[in-house]
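Presented below is the structure to which this report refers.
Residue numbers (this note's numbering): 29 to 313.
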């Protein structure tokens, strides 16, 4: 699911009932590639034709074509997950180009990778930005909004105050408690959480809060090592206007990029958050 598709048609032995899935997958894939002729999986088809077929049928005919997310959301979630994983540079480049093809801007892609510093670290973000540079250089005729001017240095108190405001907006009243809980063991880390994560990164323009949280959920799910943080960001995504349908669609899509175990763990976390909110709603009724 991580590449494009081969130009081959279903083999004579393919099941007829899969013809509709294959055709639907080709249509979705053409939207991502921006081309009627897709040959990226031709080398795969030469050695594993069933895998090439399944990429089209399942990856795009089933998952990518389901309702719940816009093409832009799907591609932002995909590049965020692949950037966080850090082990699929060819597929990341393919999906960066796909993001541009479905209407994402260069700035949105760059902002997604700056956002990656928080969840997967600076090396993963820098590698993703290198991939983006390659894709952008190969598409010199793309039009885009000018890049944001570099910000002037700011006083730490200004950044901290702004970060607290955003932390409350995203995570609710309990948000600042995370930073406070570090005061007795790692107070600087708690301060950086407010100043950098929210005062610097979340405060940036280029991505709205729902898109930032969608990217955060994608990265935490793909990493598979951040269960508590995933639950925080599932709540946050809902807090800033995201929907349960979007969460389920995103987690389903990630089965193709981070694997079924990661997706299943993400759904288990989402089930907890949905139940928590339902219980709170019933208690308040």
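Ideal placement from N, C-alpha and C gives every residue a C-beta, glycine not left out.
Review point. Got a sec? Which residues, its chain only, sit under 7 Å from residue 200 by beta carbon, not counting five neighbours each side?
Key: Indexing the chain shown from 1 puts residue 200 at position 172. Same-chain partners within the cutoff: 267.
Practice item. Whole angstroms is fine: what's the gap from residue 36's alpha carbon to residue 296's? Key: One-based indexing of the chain shown puts residue 36 at position 8. One-based indexing of the chain shown puts residue 296 at position 268. With a pLDDT of 43 at residue 36, under the threshold of 50, the predicted position of this residue should be treated as unreliable, and no value is reported.
Exercise for review: Evaluate contact between the region 123 to 134 and the region 292 to 306, counting only Cβ atoms and requiring at least three cross-stretch pairs below 8 Å.
Suggested key: no
Exercise for review: Jot down the residue ranges of each uninterrupted alpha helix (DSSP H) in the region 163 to 230, minimum 4 residues, whole runs only, in chain order.
Suggested key: 184 to 199, 203 to 208, 215 to 220
Check your understanding: Among 48, 61, 142, which one has its Cα closest to the Cα of residue 86?
Key -> Position 58 of the chain shown, counted from the first residue, corresponds to residue 86. Residue 86 has its Cα closest to that of 48, out of 48, 61, 142.
Exercise for review: For residue 107, collect the residues of the same chain with a Cβ closer than 7 Å to its Cβ; drop the 5 residues on either side in sequence, then sort them by chain order.
Suggested key: Within the chain shown, numbered from 1, the residue matching residue 107 stands at position 79. Within the same chain, residue 107 has close Cβ partners 120, 123, 124, 127, 137, 140.
Check your understanding: What whole-angstrom Cβ distance do residue 294 and residue 249 have, given they're in contact under 8 Å?
Key -> Translated into positions along the chain shown, residue 294 becomes position 266. Translated into positions along the chain shown, residue 249 becomes position 221. Yes, they are in contact, since the Cβ atoms of residue 294 and residue 249 sit about 4 Å apart, within 8 Å.
Check your understanding: Helix, strand or coil for residue 244 per DSSP?
Key -> Residue mapping note: residue 244 aligns to position 216 of the chain shown, counting from 1. Looking at residue 244 - three-state DSSP - the assignment turns out to be helix.
Review point. Among the residues of its own chain, which have a CB less than 7 Å from the CB of residue 64, if the five just before and after it don't count?
Key: The residue labelled residue 64 in the question sits at position 36 within the chain shown. For residue 64, where only same-chain residues beyond five positions count, the Cβ hits under 7 Å are 58.
**Study point:** N- and C-terminal bounds of the alpha helix (DSSP H) containing residue 124
**Key:** The residue you call residue 124 lines up with position 96 of the chain shown. That run of the alpha helix (DSSP H) goes 117 to 129.
**Study point:** C-beta contact flag for residue 105 and residue 258 at 9 Å
**Key:** Position 77 of the chain shown, counted from the first residue, corresponds to residue 105. Position 230 of the chain shown, counted from the first residue, corresponds to residue 258. No; because the gap between Cβ atoms is not below 9 Å, this pair is not in contact.
Exercise for review: Kindly indicate which three-state DSSP category residue 76 falls into: helix, strand or coil?
Suggested key: The sequence position of residue 76 within the chain shown is 48, counting from 1. Residue state, collapsed to three classes: coil.
Exercise for review: Leaving out five residues on either side along the sequence, give the residues of the same chain with a beta carbon under 7 Å from the beta carbon of residue 113.
Suggested key: Mapped onto the chain shown, residue 113 falls at position 85. Hits under 7 Å: 250, 286.
Check your understanding: Are residue 53 and residue 98 closer than 9 Å when you measure CB to CB?
Key -> Looking up residue 53 in the chain shown gives position 25. Looking up residue 98 in the chain shown gives position 70. Cβ atoms of residue 53 and residue 98: not closer than 9 Å.
Review point. Given 8 Å as the limit, is there contact between the region 193 to 213 and the region 226 to 243, that is, 3 or more CB pairs closer than that?
Key: yes
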